[in-house]
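Read top to bottom, the protein sequences are chains A and B. Residue 251 in my numbering sits at position 251 of the first sequence; the count goes up by one each step and never skips. To get my numbering, take the position in the second sequence, counting from 1, and add 1000. Each residue gets a CB set at the ideal place from its N, CA and C atoms; glycine is no exception. Here the structure is laid out as structure tokens; the discussion comes afterwards.
2 protein chains.
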Amino acid sequence: MIENVVIIGAGNLATQLALAMVEKEIRVKQIYSRKIESARELAEKVNASFTNELAQLTSDADLYVIAVKDSAIQEVLENLNLDESRLIVHTAGSVPMNILEGFTNTYGVFYPLQTFSKNRKVDFADIPICIEANHPSSFLKLEKLGAKLSSSVNQINSEERRTLHLAAVFTNNFVNHFYSIGAEILQDKKLDFDLLKPLIRETAAKVQTLQPFDAQTGPAKRNDQSIINAQLKMLHNKPEFQKIYSFATESIFQLQQKHKHDLL
Amino acid sequence: MIENVVIIGAGNLATQLALAMVEKEIRVKQIYSRKIESARELAEKVNASFTNELAQLTSDADLYVIAVKDSAIQEVLENLNLDESRLIVHTAGSVPMNILEGFTNTYGVFYPLQTFSKNRKVDFADIPICIEANHPSSFLKLEKLGAKLSSSVNQINSEERRTLHLAAVFTNNFVNHFYSIGAEILQDKKLDFDLLKPLIRETAAKVQTLQPFDAQTGPAKRNDQSIINAQLKMLHNKPEFQKIYSFATESIFQLQQKHKHDLL
């Protein structure tokens, strides 16, 4: 059973995961970060020791969680100096599990599918935790750990995980960017972004029960060229927004046509 | 004071507005729809009479709400046969108030900034209601009506309203389309869309307190070309999604650069 962990990383995900673990009485023994100040800051929150030297990691934790940016995982692995029996996981959506091969005998992935900020507390209870491991016994350990944190623990392989991550880029990163565009459009006319907040909430709430395709509304769906043209004209001094407006409109139209065609 | 209304239209907005009014004890006297069955269906829900003939509208309502699609407003107006003292509003984001000029002496706009579906009940209490009128006395009447339905009643002119509508297209229609793309990406690999739902909720929840620009995360923000290229490759058999992925990524990158530049 996993009773204590070392967290390698002190960024958004590392922070929220460490906090969630401590809340469920899983001990966070140590925090590593390249920057000692970041390590200290998180360590203090979860009552752990901290280091900025991978060679100084405590050697007897039940689990080592690598929660650094994707491009730094390889370097972390090359500088770890742990007993081959230690269970190591990474937390990245788009990095295959086998990056861990050769560095330890037991490894896996522990990927919470959510967007994290350092200072925004998230409730782990409903976050889908996607688990993969190279041995059934490790899988079971990770599954039990996941179940302490969340009601949604899922066996997801590396290929599936990268698909989830790709879909998450559309539904989180790109969606948030459209919120930014909306905010900028309003700001230019001194209108309050608060006016859009109930709409943003309802748009997200709708697809919790409806299929997104069935929830689609608006000028592009109706192919209302008169509004589409008027709105494109309003964006004449924002050529980059105009371009993305055309593209999104065209893409909605294509998806509508495709579904119609699929129904024939 | 507006104590009773006629609703012209029986679509998503008309339905939810009629239901919300009745709940607040504003009487819906009559429903008009081009299709008699649609008129009947909504009328039964709100205990109103119904018609598919504009000439048969009851002549003595305190307010006539035109809640038909934008392109049908003009035709409705031309076929109305009401006393010039009647207060008439439309509910459209992108149609200027002055479309009503000449058809009555008192007119305005009553625009609830929200996405509506016929069968999904919405709570009007926090929906921003955007009001405009051609006379202060009509404005006050509409403001009082709005305040019965919602805690957010806003004086918004036609120019501001079309800006809000444009921003709403980005934050609602385009956002929902990205939910659809996410759903399709998962469906192709037999992955459950439920896995994305907590992420979608949190993405919308974040910008209720953070500025969207500050909430941005992901490979495009980090300019992580290795993931961006890998994800573009995954979309090789979906050229239309690939195209929109490139565009959104480029647009996020540009906005990041612009903000950096603005800070210099």
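By the criterion of Cβ-Cβ separation under 9 Å, what are the contact partners of residue i in chain A?
i	result
E1023 (chain B)	Neighbours of E1023 (chain B) on chain A: none; closest Cβ ~17 Å, over 9 Å.
L1268 (chain B)	The question about residue 1268 (chain B) has no answer here: the residues shown for chain B are numbered 1001 through 1264.
Q1074 (chain B)	None at all; the shortest Cβ gap to chain A is about 11 Å.
L1063 (chain B)	Near L1063 (chain B) there are no residues of chain A at all, since even the closest Cβ is about 23 Å away, more than 9 Å.
L1191 (chain B)	I156, E160, T163, L164 and A167
F1247 (chain B)	K243, I244, F247 and A248
Can you check which of these residues, the options, is closest to residue i by C-alpha distance?
i	options	result
D214 (chain A)	A:L255, A:V6 and A:I228	A:L255
E3 (chain A)	A:N12, A:A18 and A:L13	A:A18
F178 (chain A)	B:N1172, B:R1040 and B:G1009	B:N1172
Q56 (chain A)	A:Y32, A:S251, A:I244 and A:L235	A:Y32
V1068 (chain B)	B:E1053, B:A1043 and B:T1091	B:T1091
I244 (chain A)	A:H259, A:K121, A:Q30 and A:I228	A:I228
R86 (chain A)	A:Q216, A:A125 and A:E101	A:E101
L195 (chain A)	B:R1034, B:S1158 and B:A1167	B:A1167
D1188 (chain B)	B:N1081, B:K1233, B:F1174 and B:K1238	B:K1238
N79 (chain A)	A:V95, A:Q211, A:K148 and A:R34	A:R34
A14 (chain A)	A:H236, A:V95, A:N105 and A:T115	A:T115
F1174 (chain B)	A:S246, A:V109, A:R120 and A:N81	A:S246
S346 (chain A)	A:V109, A:E202 and A:L235	Beyond the ends of chain A as shown, which are 1 and 264, falls residue 346 (chain A); an answer cannot be given.
S1158 (chain B)	B:N1119, B:N1081, B:E1202 and B:V1095	B:V1095
I26 (chain A)	A:N134, A:L82, A:L149 and A:N119	A:L149
R1120 (chain B)	A:F253, A:E202, A:L232 and A:D262	A:E202
Can you name the residues of chain B whose CB is closer than 8 Å to the CB of residue i?
i	result
S71 (chain A)	D1224 and S1226
L186 (chain A)	T1163, L1164 and A1167
Within 10 Å of its beta-carbon, does residue i have 16 or more other beta-carbons around it, so buried, or fewer, so exposed?
i	result
L140 (chain A)	exposed
T1209 (chain B)	exposed
M97 (chain A)	buried
G1182 (chain B)	buried
S1226 (chain B)	exposed
H1165 (chain B)	buried
A125 (chain A)	exposed
N1154 (chain B)	buried
P136 (chain A)	exposed
S151 (chain A)	exposed
D1070 (chain B)	buried
Q257 (chain A)	exposed
A72 (chain A)	exposed
K197 (chain A)	buried
E84 (chain A)	exposed
A1048 (chain B)	buried
E44 (chain A)	exposed
A147 (chain A)	exposed
Could you tell me whether the Cβ atoms of residue i and residue j are closer together than 9 Å?
i	j	result
C130 (chain A)	Y107 (chain A)	no
G1093 (chain B)	L1113 (chain B)	yes
M1 (chain A)	K144 (chain A)	yes
E1240 (chain B)	S251 (chain A)	yes
N176 (chain A)	V1169 (chain B)	no
E297 (chain A)	L1191 (chain B)	There is no way to answer for residue 297 (chain A), as the model of chain A reaches only from 1 to 264.
T1217 (chain B)	N223 (chain A)	no
V122 (chain A)	V89 (chain A)	no
F103 (chain A)	L77 (chain A)	yes
A1248 (chain B)	A1220 (chain B)	yes
I7 (chain A)	T1163 (chain B)	no
Q1016 (chain B)	S1117 (chain B)	yes
T51 (chain A)	A39 (chain A)	yes
F193 (chain A)	Q1242 (chain B)	no
Output, in chain order, the set of chain B residues within a Cβ distance shorter than 7 Å of residue i.
i	result
K35 (chain A)	Those do not exist, as K35 (chain A) stays about 17 Å from chain B at its closest Cβ, beyond 7 Å.
T217 (chain A)	T1115 and N1173
Y179 (chain A)	T1171, V1207 and P1212
S94 (chain A)	I1227 and A1230
A67 (chain A)	Those do not exist, as A67 (chain A) stays about 14 Å from chain B at its closest Cβ, beyond 7 Å.
So, under 8 Å CB-CB, residue i and residue j are touching, yes? Tell me the CB distance rounded to an integer number of Å.
i	j	result
I99 (chain A)	Q74 (chain A)	7 Å
K29 (chain A)	A61 (chain A)	5 Å
A1204 (chain B)	I200 (chain A)	5 Å
E41 (chain A)	A10 (chain A)	7 Å
What in chain A is Cβ-close to residue i, meaning under 7 Å?
i	result
L1199 (chain B)	L113, Q114, T115, A168, T171 and N172
P1128 (chain B)	L195 and P198
L1145 (chain B)	The contacting residues do not exist; L1145 (chain B) stays about 18 Å from chain A at best.
E1240 (chain B)	S251 and Q254
E1202 (chain B)	Q114, T115 and V122
N1237 (chain B)	Within 7 Å Cβ-Cβ: nothing; N1237 (chain B) doesn't reach chain A, min ~13 Å.
A1220 (chain B)	N173
Name the chain B residues whose beta carbon is nearer than 9 Å to that of residue i?
i	result
L13 (chain A)	What L13 (chain A) touches in chain B: nothing, since even the nearest Cβ is about 10 Å away.
A183 (chain A)	A1167, T1171, V1207, Q1211, P1212 and F1213
Mind listing the chain A neighbours of residue i? Cutoff is C-beta to C-beta under 8 Å, in chain order.
i	result
M1234 (chain B)	R162, T163 and L166
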